[in-house]
Structure formats: C-alpha cells, structure tokens
Amino acid sequence: MADYLVIVESPAKAKTIERYLGKKYTVKASIGHVIDLPKSQTGIDTENNYKPKYITIRGKGPVLQELKTAAKKAKKIYLAADPDREGEAIAWHLATALNIDLDSECRVVFNEITKDAILDSFKNPRSINMDLVDAQQARRILDRLVGYNISPILWKKVKKGLSAGRVQSVALRLIIDREEEIKNFVPEEYWTIEGNFEKGKKQFDALYFGNGKEKVKLSNEEQVKAVLSSLKNDEFQVANVVKKERKRNAAPAFTTSSLQQEAARKLNFRAKKTMMLAQQLYEGIDIGKKEGTVGLITYMRTDSTRISDSAKAEATNYINEKYGKDYIAFEQKQAKKSTNAQDAHEAIRPTSVMRSPDQLKEVLSRDQLRLYRLIWERFIASQMAPAILDTVSVDLVNGDVQFRANGSYVKFPGFMKLYIEGTDDNSEETTKLLPEMEVGDTVKSLEIEPKQHFTQPPPRFTEARLVKELEELGIGRPSTYAPTLDVIQKRGYVQLDAKRFVPTELGEIVHQFMVEFFPEIINIEFTAKMEEDLDKIEEGQINWVKIIDDFYKDFEKHVKHADEVMEKIEIKDEPAGEDCENCGSPMVYKLGRYGKFMACSNFPECRNTKAIMKPIGVKCPNCDTGEIVERKSKTKRIFYGCNTYPECDFVSWDKPISRPCPKCSALLVEKKIKKGIQIHCTNCDYEEAPTQ
Numbered sequence: 001m002a003d004y005l006v007i008v009e010s011p012a013k014a015k016t017i018e019r020y021l022g023k024k025y026t027v028k029a030s031i032g033h034v035i036d037l038p039k040s041q042t043g044i045d046t047e048n049n050y051k052p053k054y055i056t057i058r059g060k061g062p063v064l065q066e067l068k069t070a071a072k073k074a075k076k077i078y079l080a081a082d083p084d085r086e087g088e089a090i091a092w093h094l095a096t097a098l099n100i101d102l103d104s105e106c107r108v109v110f111n112e113i114t115k116d117a118i119l120d121s122f123k124n125p126r127s128i129n130m131d132l133v134d135a136q137q138a139r140r141i142l143d144r145l146v147g148y149n150i151s152p153i154l155w156k157k158v159k160k161g162l163s164a165g166r167v168q169s170v171a172l173r174l175i176i177d178r179e180e181e182i183k184n185f186v187p188e189e190y191w192t193i194e195g196n197f198e199k200g201k202k203q204f205d206a207l208y209f210g211n212g213k214e215k216v217k218l219s220n221e222e223q224v225k226a227v228l229s230s231l232k233n234d235e236f237q238v239a240n241v242v243k244k245e246r247k248r249n250a251a252p253a254f255t256t257s258s259l260q261q262e263a264a265r266k267l268n269f270r271a272k273k274t275m276m277l278a279q280q281l282y283e284g285i286d287i288g289k290k291e292g293t294v295g296l297i298t299y300m301r302t303d304s305t306r307i308s309d310s311a312k313a314e315a316t317n318y319i320n321e322k323y324g325k326d327y328i329a330f331e332q333k334q335a336k337k338s339t340n341a342q343d344a345h346e347a348i349r350p351t352s353v354m355r356s357p358d359q360l361k362e363v364l365s366r367d368q369l370r371l372y373r374l375i376w377e378r379f380i381a382s383q384m385a386p387a388i389l390d391t392v393s394v395d396l397v398n399g400d401v402q403f404r405a406n407g408s409y410v411k412f413p414g415f416m417k418l419y420i421e422g423t424d425d426n427s428e429e430t431t432k433l434l435p436e437m438e439v440g441d442t443v444k445s446l447e448i449e450p451k452q453h454f455t456q457p458p459p460r461f462t463e464a465r466l467v468k469e470l471e472e473l474g475i476g477r478p479s480t481y482a483p484t485l486d487v488i489q490k491r492g493y494v495q496l497d498a499k500r501f502v503p504t505e506l507g508e509i510v511h512q513f514m515v516e517f518f519p520e521i522i523n524i525e526f527t528a529k530m531e532e533d534l535d536k537i538e539e540g541q542i543n544w545v546k547i548i549d550d551f552y553k554d555f556e557k558h559v560k561h562a563d564e565v566m567e568k569i570e571i572k573d574e575p576a577g578e579d580c581e582n583c584g585s586p587m588v589y590k591l592g593r594y595g596k597f598m599a600c601s602n603f604p605e606c607r608n609t610k611a612i613m614k615p616i617g618v619k620c621p622n623c624d625t626g627e628i629v630e631r632k633s634k635t636k637r638i639f640y641g642c643n644t645y646p647e648c649d650f651v652s653w654d655k656p657i658s659r660p661c662p663k664c665s666a667l668l669v670e671k672k673i674k675k676g677i678q679i680h681c682t683n684c685d686y687e688e689a690p691t692q
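Using the UniProt record's numbering, read the sequence shown as starting at 1 and increasing by one per residue.
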C-alpha cells in the first residue's frame, strides 16, 4: 500500500493527479460531497444555534467506507478538493469522517491540474480553513431555510413541484420586471436625416446633427421638413475637423460569468453547457503518449481577473515570437473588479500557452475545442498591446443646418489581430474611411433622405444578459449562475423564446406570492447585502450564526403568516368554448409547465391537446376581419396566421406589428436577422435600424 492517501472530488482528476505524484501516493475520489443535509427534512436545529444535522448522502456509504479503509492504511492523508468554499467544506466533512486533525497540514489546493502546480501544492499543505467552511455552511443553511420553508407553502397553496430560493427568486423577478417594462413601453417617434456626400470623386455618409450651435432631436415630420426647407443648395462647407488617436484595450482574461456570457454570444452555448465543458478541460484530457492526461485550463469557478507572473511571461514570449515585440502589452491596465469580487484564484486561462487550439484538434471534441479556443485566444489577447484607432469627426454646414460625419481606421491592430470581445447588440468595430477634408473645403450633397423611427422597448434577457445583470447587482456567485438559470426553466417559471427569457403564467403566480409574503427575499439590495455578509464570514469578520439569526427571526414570522393567511390558488380548468375533434368532449384550458394549453376534458380516456392561439393585437391584412394569432408548427417553430383559417389563408414567419408602413401603409413585420430584430415593410423597401 502507498504511504500517502490523496482524496479529490472526481475520478478524472484522481487519474491525472496520481500520475504526477508517483508510486508513494494513492489518489481516490469522493465523487463530490459525501456528507450533506438530509433531503427528507430541513435538517437545521433552529433552537440550537442553527446546528446542521449532517448525514452520509444516500448511495455514498460504500464510497465513504472505501475512503475509511484506505485512510487506515495510509501514513498521511491529503484532502485536495476544489480550491473554493464548496471544496473546503468537502475537505472538512472528509476530515471529520476520517478523524483527521483539522489543525494538521492536511489540505492542499491548486488552481490548475499540471505537474508543476500539483507538486508545488504538496510542498505547501495547510490546515482546513474554517472561515471558508463557515461561509459555505452559512450559504447552505440560509438556502435550506429559505427553500424548505417556502416551497411546502407553494406546494400546498399553488401546485406540487414548485420551489423558491434566494438567487432564483431574484432572477425570476428581473425577468418579470423586464416583461412589465416591455408591456408598458410606449414607442416614441423620432427621425433621422441621412446624407450622402461627395468630396472629389469619393463618396461618404453623414447624419443630421443640429443647427450649428447645439444638437437637435427630430421628433416629427414637421421638424424634418423645416430642416430640409432651410437648405440653401447642395453645397456644404467643412466647418470643423477633429482628428484623434484612440486606444482600445483588450478585455481581461475570463472570469466565470464573462466566460458564460462570451460563450453564449460567440458559441451559442447555454451556461450549463459552458460549465460542463470547462470542468472537463480543467480536470484533464488525454492529449497523447508524450504528456498523457493533463488539465488544459485553470480552475473555472472564479471572479478574479488576476494572472500569475509565470503565465504572463509565457504569454509574452509567445506574443513576441508570433507577432513581434510591438504586440506585447508592456503596461497592463487593471481590470475593474465586479461587485464583491474574490481574488483567491486566477482568471480562467490555458495552463500552457504553448498548447494551441490547433494542436489539440485531434484530442478534443468539437465543443471542447471551441470553448478551449475561446479561452486560449481571450487570454493571449489580454496580454497583447492595445489597438490604436485613428478617428476623425467632420462637421458640414449649409446655413443653419449641420451634418456630422464620423470615420475611423485601425492604425495598429494590437490585440484585435487575434480576438475581439463579443457584444450583446452584435455591434462590431468597423473601418469607415472619410476622404481628406480641411476647414473651408466645399463638399456636395448627392442625396438627403429623412427616415422615421420609433424607440424600441428594452430587450428581454438572454442567458448572457441575465448573468451579467446578476453579477453587476452582486447577486449569487460564479458557481450559482448556471444552476439558477437551469432551475427556473425546469420549474416552468420561464421559457426561452428566440433564446430570450419569457415568464410563464406559473412564474408570475409564484412571483406574486413572493412579492406579497416574502418581499425581502426578492429585494435586490437585501440579497446583495447578504452576499456581502457571506463574504465577510469567509474573511473572518463576522460570526456565521449571527448572520443566520438576524435573517431567520423575521423570516420565520413571514413563513407563519403566509401559511395562515394565503388562500389556496385553484388553477381550475376553464372551458375553451370548443369540442374535441377526436371524441366530441368539451375542450378546456389547463395550466402546464410552459403556460396554458388546450386539452380534452375526457382525459385520460382522450389525450388530445392543442396549443392556444395567442392574439398579437394586429388585424389580418388579407381579409381585414380576422385577427393575427401566434401559432406553432409541428416542429414547434412559431409562425403567424389569421384566426379565421381556413377561410383566410394569411400566414407569415415574421411577426406582424400594428402600425402600418409610413411610406406605403402596407403591413410591417419584425424580421429576425443576425444583428437582432429589424422592422421592414412587406410591400416596399422601407426598413428600420435593427434592435436587440
């Protein structure tokens, strides 16, 4: 038997680490937590300082017994769970179960699974960090008290299978609040005047800016006509030329949330998938006989953008060899830390810059490679010199009418040679060259075109937007974002429409319950403050029992009040006003996981169901008597048709909108394009700028 026993969380990790440590070490996996709170009860003694009642997780008995047997034969035991609160708690539970002295140097932590990092960590073992453990315990107990007290009320008063939680309830609130903003949004009319100009033989575009003294907003067609009528001729004077050199810095290496956001934007990955792939890359991939199984990226749960000196040096050497010394970032701009950011770990980066994505094509799956390439390129770019852009702004005047032309040119690409960060609105840095112009020059207008626009409501949340919003508000932690988004979908509180969250009727019912009886749980400031307090526990500044006690005293009263006062919400089947085409029984409206649907009242004898036709508030342009309704094809794709079908056969994949085309009065529709949603006419060439 080996002299030393090392316990990690996953079998993949165990296999990699055992190869690095040699024959004196046996490495075994706990396969995550082995001890936790019971599922059948709250498991918190609220009368005794909130003492948790830990038990061996069902099915983990044999694993724990195997670890105990191995522990008896080992001279020394090392606990090498993940380097975060959760990992520290696993190490603490294992130390307790295996009778390891908590003050002994039994804990090893590493940020990457590479030979050097592993060997270094075993040279510097430490004792269990009880502040980290207490922070994890406090979070676990807090979430358990919230979930196991509110969920039973929801089961009893609304519907079985529902749940509420600190982070998920705030996430649901954000989605519902945004939906309300969209519903209450009143579009405002505004106009732009676009001009096409010529200087010499070169053409360029400019936009109406103002009256030469200040910027003027055009709100209606009358104002536009007044501007156009004041133009004296087609000649404009160059009144001002401003040239500037602008630096654009690279984005920092990834944190957990920025990785989830960028993977959603660039790779179309859901947060859950991103974390699953990142876990695989971190724990180790067999890359061939020469190196065997090796961790390809650093630990993927972090909110720090810090980079080690050795990693910076390796990246600098690579950049120098590949691009030259001009591309090296000699001055690193300090990235702005997110709210409550912890700096215990590095940012997410490749464990070795020299393992380029192209070298790993044969050993990684398609999606693993895509995510690794994203991480690798982002890290290299973060260590590259800023891009330098030459920008020019030119003011053109004709009497009191001022147009402004803006141009930019990438003078030195810097980091942009390798990588450009994605944006939520799909906007890109474009090169727009203007002809050389000086004050006093005359340019000629070839075409002046006014365009009518309407302001757009705020966009619904995508996964990337919601993660960003939660992070900026200080809600949750890197490890909580993916499971939070997953649970609100599994519970049927929201659904994805065109990759954007839409609350369901069930989600709105649950949210209203939380608003009425547990307003502090969905209070953003309260939840963010709780996160700060949990961080202070980790730093040893606050006693965890006090934080729980301060919360629970009022919370307990709210639970009792909700249980006594809340009336049962009966989600009754409503008559649909039509009969089942299969058996002739009346059809009824039922509330399912994704909202209302039509079903036969003769269930279970007849299982006929139909989607509800959802009116969108637009008259049919074909028959002028029917209403346009939202339908779903057999492949679940949404389309729009007349509710008088088959009498009227109007159908459209694009969503019609209520206002007519300002040019020809025909039907306007919302068309989904790469840059978002664009309103355009079905009859003429009228179109509006894309919006998200």
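Backbone N, C-alpha and C define an ideal beta-carbon position, used for all residues, glycine too.
- The stretch 267 to 282 and the stretch 474 to 489 touch, with no fewer than 3 CB-CB distances between them shorter than 8 Å.
- Per DSSP, reduced to three states, the secondary structure at residue 11 is helical.
- Between the beta-carbon of residue 64 and that of residue 53 there is about 17 Å, and that puts the pair past the 8 Å contact cut.
- For residue 206, the secondary structure class from DSSP, reduced to helix, strand or coil, is strand.
- Considered as a whole, the stretch 144 to 228 harbours 166 to 184 as its complete alpha helix (DSSP H) runs of no fewer than 4 residues, in chain order.
- By the neighbour-count criterion, in which a residue is buried when 16 or more other Cβ atoms sit within 10 angstroms of its Cβ, residue 83 is buried.
- The C-beta separation of residue 405 from residue 206 comes to about 4 Å, placing the pair in contact by the 8 Å criterion.
- In this structure residue 507 does not touch residue 141 by the C-beta definition: roughly 27 Å separates them, more than the 8 Å allowed.
- Taking a contact to require three or more Cβ pairs closer than 8 Å, the stretch 459 to 478 and the stretch 523 to 540 qualify as touching.
- One thing to note: residue 251 has its Cβ no nearer than 8 Å to the Cβ of residue 304.
- Residue 612 and residue 581 have their C-alpha atoms spaced approximately 15 Å apart.
- In this chain, the alpha helix (DSSP H) harbouring residue 370 covers 366 to 382.
- With a 10 Å radius around the Cβ and a threshold of 16 neighbouring Cβ atoms, residue 642 comes out buried.
- With respect to the 8 Å criterion, residue 127 and residue 90 are not classified as neighbours on the basis of their beta carbons.
- DSSP places residue 121 inside the alpha helix (DSSP H), whose first and last residues are 115 to 123.
- When rounded, the separation of the alpha-carbon atoms in residue 563 and residue 512 is 15 Å.
- Judged by DSSP secondary structure, residue 452 falls within the beta strand (DSSP E) whose first and last residues are 442 to 454.
- In the same chain as residue 221, and ignoring 5 residues on each side of it, the C-beta atoms closer than 8 Å to its own belong to 191, 450 and 452, in chain order.
- For residue 264, the three-state secondary structure derived from DSSP is helix.
- Counting C-beta pairs with one atom in each stretch, the stretch 316 to 329 and the stretch 99 to 108 have fewer than three that are closer than 8 Å, which means they do not touch.
- Note on residue 88: 16 or more other CB atoms within 10 angstroms of its CB, so buried under the neighbour-count rule.
- A residue is called buried when at least 16 other Cβ atoms come within 10 angstroms of its Cβ; residue 107 meets this threshold and is buried.
- In this chain, the beta strand (DSSP E) harbouring residue 678 covers 676 to 681.
- Taking a contact to require three or more Cβ pairs closer than 8 Å, the stretch 601 to 608 and the stretch 616 to 627 do not qualify as touching.
- Nearest neighbour of residue 569 by Cα position, chosen from 120, 19 and 157, turns out to be 157.
- Residue 16 and residue 284 do touch by the CB rule: their CB atoms are close to 4 Å apart, below 8 Å.
- Assignment of beta-bridge partners to residue 243 by DSSP yields 392.
- Counting C-beta atoms within 10 angstroms of its own C-beta, residue 35 has 16 or more neighbours from the protein chains shown and is therefore classed as buried.
- Note: residue 406 is bridge-paired with 393 in the DSSP secondary-structure output.
- Taking C-alpha positions only, residue 119 is separated from residue 314 by approximately 20 Å.
- Counting C-beta atoms within 10 angstroms of its own C-beta, residue 561 has fewer than 16 neighbours from the protein chains shown and is therefore classed as exposed.
- For residue 607, the three-state secondary structure derived from DSSP is coil.
- Ranked by Cα distance from residue 518, the first of 558, 326, 419 and 116 is 558.
- 509 is the residue among 660, 509, 225 and 414 whose C-alpha sits nearest the C-alpha of residue 173.
- When 297, 148, 363 and 395 are compared, the shortest CA-CA separation from residue 352 is found for 297.
- Given a length threshold of 4 residues, the stretch 629 to 667 has no whole run of the alpha helix (DSSP H) inside it.
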